[in-house]
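Going down the list, the protein sequences come from chains A and B. So the first sequence is residues 8 to 418, counted in our numbering. So the second sequence is residues 298 to 568, counted in our numbering. All C-beta atoms, glycine included, are put in the ideal place defined by N, C-alpha and C. Remember, predicted model here, so these are calculated numbers, not experimental data. Inspection log for the structure reproduced underneath, given as structure tokens.
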Amino acid sequence: MSFLNLLRIALRALQRNKLRAFLTMLGIIIGVASVIAMVAIGQGSKQSIQQQLSGMGSNMIIIRPNSNISAGARLDATSVQTLSLDDVKALQKQAPDLTAVSPMANSRGQAIYGSNNWPTTIQGVQPNYLSDIRQWPVADGVTFTDRDVQTQSKVCLLGQTVITNLFPNGGSPIGKYIRFGNVPLLVIGTLAPKGESAFGQDQDDVIIAPFTTVQRRILSSANSTIYVQNIYASAKDEKSTTAASDEISNILRSNHKLKPTDEDDFAVRTMQELINTFSSTSQLLTVLLAVIAGISLLVGGIGIMNIMYVSVTERTREIGLRMSIGARGVDILLQFLTEAILISITGGILGVFLGISSAWLVTFFLKWPTLVTESSIVLSFLVCAVTGVFFGYYPAQKASRLDPIEALRYE
Amino acid sequence: MVEPVAAEPAVVAAAAVDKNSIMSNQKILELRDIKREFRMGSEIVRALKGVSFDVVAGEFLTIMGSSGSGKTTLLNTLGCLDKPSDGTYLLDGVDIKKLGRNELAKLRNAKIGFVFQAYNLLPRTSALENVELPLLYNPTLSAKERKERAVKCLEAVNLADRLDHTPNQLSGGQQQRVAIARALVNEPVMILADEATGNLDSRSSYSIMALMQDLNAQGKTIVFVTHEPDIASFSSRTIMLRDGKVIKDSPNENRKSAREMLDSLPKTEDY
Numbered sequence: 008m009s010f011l012n013l014l015r016i017a018l019r020a021l022q023r024n025k026l027r028a029f030l031t032m033l034g035i036i037i038g039v040a041s042v043i044a045m046v047a048i049g050q051g052s053k054q055s056i057q058q059q060l061s062g063m064g065s066n067m068i069i070i071r072p073n074s075n076i077s078a079g080a081r082l083d084a085t086s087v088q089t090l091s092l093d094d095v096k097a098l099q100k101q102a103p104d105l106t107a108v109s110p111m112a113n114s115r116g117q118a119i120y121g122s123n124n125w126p127t128t129i130q131g132v133q134p135n136y137l138s139d140i141r142q143w144p145v146a147d148g149v150t151f152t153d154r155d156v157q158t159q160s161k162v163c164l165l166g167q168t169v170i171t172n173l174f175p176n177g178g179s180p181i182g183k184y185i186r187f188g189n190v191p192l193l194v195i196g197t198l199a200p201k202g203e204s205a206f207g208q209d210q211d212d213v214i215i216a217p218f219t220t221v222q223r224r225i226l227s228s229a230n231s232t233i234y235v236q237n238i239y240a241s242a243k244d245e246k247s248t249t250a251a252s253d254e255i256s257n258i259l260r261s262n263h264k265l266k267p268t269d270e271d272d273f274a275v276r277t278m279q280e281l282i283n284t285f286s287s288t289s290q291l292l293t294v295l296l297a298v299i300a301g302i303s304l305l306v307g308g309i310g311i312m313n314i315m316y317v318s319v320t321e322r323t324r325e326i327g328l329r330m331s332i333g334a335r336g337v338d339i340l341l342q343f344l345t346e347a348i349l350i351s352i353t354g355g356i357l358g359v360f361l362g363i364s365s366a367w368l369v370t371f372f373l374k375w376p377t378l379v380t381e382s383s384i385v386l387s388f389l390v391c392a393v394t395g396v397f398f399g400y401y402p403a404q405k406a407s408r409l410d411p412i413e414a415l416r417y418e
Numbered sequence: 298m299v300e301p302v303a304a305e306p307a308v309v310a311a312a313a314v315d316k317n318s319i320m321s322n323q324k325i326l327e328l329r330d331i332k333r334e335f336r337m338g339s340e341i342v343r344a345l346k347g348v349s350f351d352v353v354a355g356e357f358l359t360i361m362g363s364s365g366s367g368k369t370t371l372l373n374t375l376g377c378l379d380k381p382s383d384g385t386y387l388l389d390g391v392d393i394k395k396l397g398r399n400e401l402a403k404l405r406n407a408k409i410g411f412v413f414q415a416y417n418l419l420p421r422t423s424a425l426e427n428v429e430l431p432l433l434y435n436p437t438l439s440a441k442e443r444k445e446r447a448v449k450c451l452e453a454v455n456l457a458d459r460l461d462h463t464p465n466q467l468s469g470g471q472q473q474r475v476a477i478a479r480a481l482v483n484e485p486v487m488i489l490a491d492e493a494t495g496n497l498d499s500r501s502s503y504s505i506m507a508l509m510q511d512l513n514a515q516g517k518t519i520v521f522v523t524h525e526p527d528i529a530s531f532s533s534r535t536i537m538l539r540d541g542k543v544i545k546d547s548p549n550e551n552r553k554s555a556r557e558m559l560d561s562l563p564k565t566e567d568y
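Following this line, the structure appears as structure tokens:
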């Protein structure tokens, strides 16, 4: 029998029971739509986390002091100070894959302007921290210079959150003096808004000042002049972050005169690692959602099987008739299989449209990021076709094996 | 047991009209000592105990018998739906015994037109599509040819104005005529009718029998299974079965015309 005749026969059979065909299809439609929508939600959140992390500077490398053993007691990272300005200089000179290195000294405290005050963090860095490492543009005013760092200038740049809290009535903060603790600082610029970080931290709640200003004037303890809390660096590009972090390890180990058996007394964190960690978390989410949706597709498939069995029983006489007028077993098999596949494929197509539109609706109404991937469409569609064949085959085989004599007499 | 079939005038006349038949008494069916046994649990039921007869082109044969006579088993064998346990059956010169399931299906498609008591039309499907059905299993025809042939057959059964009607929009007699058109559409060598008038009132029955006689006059070979002697009187030859054996095989001396019977019915019944 030709394929066209087969299709015609199956289509006519389905047309005779439109509502039932549609209801059977509904299982598949919902299954496919949920696979696509769920995967879109999973992929969307993954993509948005990746974008946020990249927004922090995907080349960025953070070096922190690591816990160290002092007189047998393991000390926690914050109380240890192993990184020094020498390390910064060494990194600047010796690491070929690093484009910028900046020490950072930070302190929490109260920022005060007039009658307003706001608890925030001040970060003391070198000018290249904004321009190269974070790639953080200045919204208004200017940034400080290397000379400001040398002279411990009492200048600063304000993040947007600090501005709204210290200057609630609007008006440019530039040229005004604020106080951070006891230290008066001249506002020379404002930072462009950066929004929340991937960790839900407000990145705009910060004051940026020259490194030495924070180190000497604000922290001003004996140790703070030698040690630095963090070192921020930037690799040439995303690909060289791994090479760069290896270079950093080697330089710091030799600088700290560590024996090969000693543990690192510092920790190197690349953004790439963070991105990978978060990606794998949301990848897991995607897989879980896809599994749940896949189960509903399976249930839809069982629905097809059920209806096809009912249909075979109900249409026993029709099968007998078809056999008596010349249908071979294989013709009957193919007819019922084609019916099942038609149901599942049509359901699949409708499900793809429903899935895409519901993903769009989720973005529109709930503002959740969604990303419909081709792979999820292709995959669910293939699963659908396979479902049709798999769940349609047994009922079809049952039909094809009927005895025409008994089928014709079936009541 | 087997009575030689005398070349009676009606058969010769009918066969002469059939353009396909080369010889006037070309054998369409040849049954030789057909036996059929069924196993029902531990018992063996012998439905046919050696049936032999021939049917030549252009004959209108009725097979009669009460229930349990092996009538249905014989019909299934004739229709190539079932194979005999023993004996040979040649349909249009083809030995059924050597054929597999698929080849039997092909043979049914090409050589036999079935007409059933319950019509067995596909529900919610137009008369035209119902008639086209056997042609869908015949891959050599185009969609256009299929439609042309189906229309022609529906015209032959006087249903040219009912092409788009579905079975539930047709009367019993009309449904049976659609089924006859379906049996004709593949141009089979034999029409095999199983109690084709069993579900119909006498008026519709006569009209169906008149149609059968017309088709027979045009040269179609018809084998009609029935238990009504009334219906058998329209055929040219009757075979009586009892207990799986042929007890009588004789030509009908005074063959009645179904059309005359139809015309003799009172007009008032035509509501």
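- Between Val-379/A and Ala-366/A, the C-beta spacing is below 8 Å.
- For Arg-276/A, the enclosing beta strand (DSSP E) stretches over residues 273-277.
- For Pro-411/A, the neighbours in chain B by C-beta distance under 8 Å run, in chain order, Leu-378.
- Runs of alpha helix (DSSP H) with 4 or more residues, each lying fully within the segment 106-165 of chain A, are found at 153-157, listed in chain order.
- Under the criterion of beta carbons closer than 8 Å, Ile-282/A and Leu-60/A qualify as touching, at roughly 5 Å.
- A Cβ-Cβ contact shorter than 8 Å links Met-312/A with Pro-402/A.
- Judged by pairs of C-beta atoms under 8 Å, the segment 252-272 of chain A does not touch the segment 119-137 of chain A, as fewer than three such pairs exist.
- Distance from Ser-387/A to Ile-43/A at the Cβ level is roughly 6 Å; contact confirmed, criterion being Cβ atoms closer than 8 Å.
- With contacts defined by Cβ atoms closer than 8 Å, Ile-35/A and Gly-399/A do not form a contacting pair.
- When the alpha-carbon of Val-385/A is set against those of Val-39/A, Leu-33/A, Ile-16/A, the nearest one is in Val-39/A.
- Per the DSSP secondary-structure output, Glu-327/B pairs in a beta bridge with Asp-351/B, Leu-387/B.
- For the pair of segments examined, the segment 243-258 of chain A was found to touch the segment 93-104 of chain A: the number of CB pairs separated by less than 8 Å reaches three.
- With a 10 Å radius around the Cβ and a threshold of 16 neighbouring Cβ atoms, Ser-241/A comes out buried.
- Taking CB atoms only, Lys-403/B has a neighbour in chain A less than 8 Å away.
- Per the C-alpha coordinates, the member of Val-95/A, Gly-178/A, Val-221/A positioned closest to Pro-191/A is Val-221/A.
- Beta-bridge analysis with DSSP links Asn-237/A to Met-111/A.
- By the beta-carbon neighbour count (other beta carbons within 10 angstroms, threshold 16), Pro-200/A is exposed.
- For Phe-411/B, the chain A residues whose C-beta falls within less than 7 Å of its own C-beta are Ser-331, Ile-332, listed in chain order.
- Nearest Cα to Glu-203/A within the set Gly-196/A, Val-213/A, Val-194/A, Ile-16/A: Val-213/A.
- Under the 8 Å criterion on CB atoms, Arg-343/B is classed as non-interfacial with respect to chain A.
- Residues of chain B whose Cβ lies closer than 7 Å to the Cβ of Leu-328/A are, in chain order, Asn-417.
- Contacts between Thr-422/B and chain A, judged by CB atoms closer than 8 Å, involve Arg-19, Arg-23 in chain order.
- Under a criterion of Cβ atoms nearer than 9 Å, the residues of chain A adjacent to Glu-426/B are, in order, Arg-19.
- For Leu-226/A, no pairing in a beta bridge is given by DSSP.
- Comparing alpha-carbon positions, the option among Phe-411/B, Asp-540/B, Ser-530/B, Lys-517/B lying closest to Asn-551/B turns out to be Ser-530/B.
- The three-state reading of DSSP puts Glu-400/B in helix, counting H, G and I together.
- In summary, no residue of the segment 441-466 of chain B has a CB separated from any CB of chain A by less than 7 Å.
- At the C-beta level, Asp-383/B and Ile-412/A stay beyond 8 Å of one another.
- Residue environment analysis places Arg-154/A among the exposed positions, since fewer than 16 neighbouring C-beta atoms fall within 10 angstroms of its C-beta.
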